[in-house]
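Peer 1:
Numbering (my numbering), first residue to last: -2 to 143.
1) Are the beta-carbon atoms of residue 8 and residue 81 separated by less than 9 angstroms?
2) Between residue 110 and residue 62, is the Cβ-Cβ spacing less than 9 angstroms?
3) Our contact map puts residue 67 next to residue 30 with C-beta atoms below 8 angstroms; I'd like the distance itself, whole angstroms only.
4) Please report the distance separating the alpha-carbon of residue 84 from that of residue 75.
5) Let me know the secondary structure DSSP gives residue 80 once reduced to three states.
6) Using the Cα positions of residue 87 and residue 105, report the straight-line distance between them to the nearest angstrom.
7) Just to confirm my understanding: we take residue 40, look at its own chain, exclude 5 residues before and 5 after, and list those with CB closer than 7 angstroms. What are they?
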């Protein structure tokens, strides 16, 4: 299945209550079509530790994009187990290149390879100090006498 096609069949369900599990999501959303998968991301930071808590959102993947749209149209801003949920099309995760928008250019390996010189070639701090002192001695004395 193509990634673009899958994203139009997957809906994001946000704002779900803590007592909601995958079975409840499946039961609530199966009326709109055939569900392929229900994902309820765990809140545990350690993947080996599953305490049953989730992050407050889920993803439901339908077999057709029309079913996904029906779920969005009927469930968005409705109540599920006492909480109003937000339902819309899931957006694909950003790739590392897309995430780089807020990073400094020197954090990129490519930029470092192109622009960074080894310390021995750049002269380092001593080289800059020596260049400044050379410039100071080579400048003519333009002091005005009265």
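Backbone N, C-alpha and C fix where the C-beta goes; we use that ideal spot for every residue, glycine too.
Peer 2: Reading from the atomic positions:
1) For the 9 angstroms CB-CB criterion, residue 8 and residue 81 do not form a contact.
2) It is not a contact, given that the beta carbons lie outside the stated cut-off.
3) With 8 angstroms as the limit, residue 67 and residue 30 qualify as a contact, their Cβ atoms being about 6 angstroms apart.
4) In this structure, the straight-line span from the alpha carbon of residue 84 to that of residue 75 is close to 9 angstroms.
5) Strand at residue 80.
6) Each residue's Cα considered, the two are about 29 angstroms apart.
7) A distance below 7 angstroms between beta-carbons, with the five flanking residues on each side excluded, links residue 40 to the following residues of its chain, in chain order: 50, 51, 52.
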